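Asker:
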Amino acid sequence: MTIRLPDFQGGFRAYEPREEPFAAASGTPFTARTVFSAAHVVADPFADATPDSPAAVDWDATLAFRRHLWSHGLGVAEAMDTAQRGMGLDWAGAAELIRRSAAEAKSVGGLIACGVGTDQLTGPATLAEVRAAYEEQLALVEESGAQAILMASRALAAAAKGPEDYLEVYGHLLRQAAEPVILHWLGPMFDPALEGYWGSSDLDAATGTFLQVIAAHPDKVDGIKVSLLEAQREIDIRRRLPQGVRCYTGDDFNYPELIAGDEQGFSHALLGIFDPLGPLAAEAVRVLDTGDAKGFRELLDPTVELSRHLFQTPTRFYKTGVVFLAWLAGHQAHFTMVGGLQSARSLPHFARAYELADGLGLFPDPKLAEERMKNLLSLYGVTQ
9 MTIRLPDFQG
19 GFRAYEPREE
29 PFAAASGTPF
39 TARTVFSAAH
49 VVADPFADAT
59 PDSPAAVDWD
69 ATLAFRRHLW
79 SHGLGVAEAM
89 DTAQRGMGLD
99 WAGAAELIRR
109 SAAEAKSVGG
119 LIACGVGTDQ
129 LTGPATLAEV
139 RAAYEEQLAL
149 VEESGAQAIL
159 MASRALAAAA
169 KGPEDYLEVY
179 GHLLRQAAEP
189 VILHWLGPMF
199 DPALEGYWGS
209 SDLDAATGTF
219 LQVIAAHPDK
229 VDGIKVSLLE
239 AQREIDIRRR
249 LPQGVRCYTG
259 DDFNYPELIA
269 GDEQGFSHAL
279 LGIFDPLGPL
289 AAEAVRVLDT
299 GDAKGFRELL
309 DPTVELSRHL
319 FQTPTRFYKT
329 GVVFLAWLAG
339 HQAHFTMVGG
349 LQSARSLPHF
359 ARAYELADGL
369 GLFPDPKLAE
379 ERMKNLLSLY
389 GVTQ
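Each residue of the sequence shown is one higher than the one before, counting from 9 in the numbering used here.
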């Protein structure tokens, strides 16, 4: 049996779906690495919402997906970019998501860290207002019992005059943080409004400021998440971190080599691609737990083609592919996204994502995935 898929040249090709999924068992947390999956939100498809209205979230399905990730030993990075933070999910929605997910994590013993930003600011802001917005969100995350991830701020990028403003704002926040936080450097390929973060568009200069913040407060920085899609830069930063400060790779192009590491160290992980890869990624890390780096790479290296496809330019629309695969995998009953973002990728893009994910065995029920893919194709006028 084959399925007729559109290609990128306006034609079609026949694809024979895989019959058996990848077999991955649930398991306990890992020992060799700390691994977070940034998780998507499931929209409520029956809400009378528009792209401009507050996010309508299906809370039951959203929390069920987090339980799926925890069941495989993965941590959940909540209310991050993958959850459409700033692309459909506003601060009010993110705050509710943090409260609900943190409570759910407590009930099941799951590892969770939550994004702290400034997205309640909707217009130009002063540095004092940026600090206050960060403080409000930090307080909520700490009250929830989750670890805090200090995310890059569009408002700070717009308000800062130079590196000294970043040093002042982050220094203020780190001094008052109750527990060590994760610092997140998100590159402009994920959010164009973050161009010039840390006070410079020169990445060497920006890296210097970033490391200066960490060096001044090593006891308040659990780790850093670097999302620049440059493996060598992450390695260089990793080697310059103070002892005890972790590097969590956010590089969805080069994660296998960065997690495996080298003779001078390795990266932990906080990745959006681990949302669709959850069970397979967990199995790979368990192999790494045994000291088998080669076996780890053999499992994870083949997933990079799918990740690079989902995260292709414009990278910020990778969330569409992530939710699409969650639908095909049966984690949700529909392919509707907050803000209508399901329209952000083309049919050939979806077809290739299906083909790559199916080839990896990511769908627990391949027949269901095939049926849903055919349903989508039929909506676009493709007959089988």
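We treat Cβ as the ideally placed atom computed from N, Cα and C, and that holds for glycine.
From a predicted model like this one, the values you see are computed outputs, not experimental measurements.
#1: Please state whether DSSP places Lys228 in a helix, a strand or coil.
#2: Which residues mark the beginning and the end of the alpha helix (DSSP H) in which His76 is found?
#3: Give the range of the beta strand (DSSP E) segment to which Gln155 is assigned.
#4: What residues are listed by DSSP as bridge partners for Tyr395?
#5: Going by alpha carbons, who is nearest to Gly117 out of Pro226, His180, Gly81?
#6: With a CB to CB cut of under 6 Å and the five nearest residues on each side skipped, what residues in its chain are close to Phe16?
#7: Buried or exposed: which applies to Tyr205, given that a residue is buried once 16 or more other Cβ atoms fall within 10 Å of its Cβ?
#8: Got a sec? Which residues, its chain only, sit under 6 Å from Leu376 by beta carbon, not counting five neighbours each side?
#9: Rounded to the nearest angstrom, what separates Ala136 and Ala167 at their Cα positions?
#10: In angstroms, rounded to a whole number, what distance separates the CA positions of Leu249 and Gly273?
#11: Starting from Ala46 and walking both ways along the beta strand (DSSP E), at which residues does that stretch end?
#12: Taking only three categories from DSSP, how would you classify Thr257?
#13: How would you call Gln92, buried or exposed, if buried means at least 16 neighbouring beta carbons within 10 angstroms?
#14: Starting from the N-terminal side, write out each stretch of the beta strand (DSSP E) that is 3 residues or longer and does not extend beyond the segment 105-149.
#15: Looking only at DSSP bridge pairs, what is Ser235 linked to?
#16: Would a C-beta distance cut-off of 8 Å place Ile281 and Tyr256 closer than the cut-off?
#17: Since Asp270 sits in a beta bridge, which residues does DSSP pair it with?
#18: With 16 as the cutoff for other CB atoms within 10 Å, does Tyr178 come out buried or exposed?
#19: Counting pairs of beta carbons, one from the segment 50-69 and one from the segment 315-325, are three or more of them closer than 8 Å?
#20: Can you give the Cα-Cα distance for Leu129 and Asp297, rounded to whole angstroms?
#21: Alpha carbon to alpha carbon, what distance is there between Gly216 and Glu104?
#22: Provide the residue span of the alpha helix (DSSP H) that contains Ala186, from first to last.
#23: Going by DSSP in three states, Arg398 sits in which element: helix, strand or coil?
#24: Who are Val84's beta bridge partners in DSSP?
#25: Where does Phe73 land, buried or exposed, given buried means 16+ other C-beta within 10 angstroms?
#26: Alpha carbon to alpha carbon, how far is Glu291 from His180? Give it in angstroms, no decimals.
#27: Closer than 8 Å is the cut-off here; do at least three beta carbon pairs connect the segment 362-375 with the segment 326-340?
#28: Taking the alpha helix (DSSP H) that Glu291 falls in, what are its first and last residues?
#29: Quick check on the DSSP output: the alpha helix (DSSP H) that includes Trp335 runs from which residue to which?
#30: Just curious, the alpha helix (DSSP H) that Ala377 is in, first and last residue?
#31: Is it true that the CB of Val330 sits closer than 8 Å to the CB of Asp283?
#32: Contact between the segment 144-156 and the segment 196-213 is defined here as three or more beta-carbon pairs at a separation below 8 Å; is this criterion met?
Answerer: This is what the structure gives:
#1: helix
#2: 67-79
#3: 155-158
#4: The structure shown does not extend to residue 395, since the chain is modelled only from 9 through 392, so no value can be given for it.
#5: Gly81
#6: Pro356
#7: Label assigned to Tyr205: buried.
#8: Gly338
#9: 10 Å
#10: 11 Å
#11: 43-46
#12: When secondary structure is reduced to three states using DSSP, Thr257 falls in the strand class.
#13: buried
#14: DSSP runs (the beta strand (DSSP E)) wholly in the segment 105-149: 120-124.
#15: Leu194
#16: no
#17: Gly273
#18: When all chains shown are included, Tyr178 counts as buried.
#19: no
#20: 43 Å
#21: CA-CA distance, Glu104 to Gly216, rounds to 36 Å.
#22: Segment: none, Ala186 is in no alpha helix (DSSP H) and carries neither H nor E.
#23: Past the edges of the chain, shown from 9 to 392, lies residue 398, and the structure says nothing about it.
#24: Ser45, Ile120
#25: Phe73 should be labelled buried.
#26: 40 Å
#27: Yes, they touch.
#28: 282-297
#29: Counting along the chain, the unbroken alpha helix (DSSP H) around Trp335 starts and ends at 326-336.
#30: 374-387
#31: For Asp283 and Val330, yes; Cβs fall inside 8 Å.
#32: no
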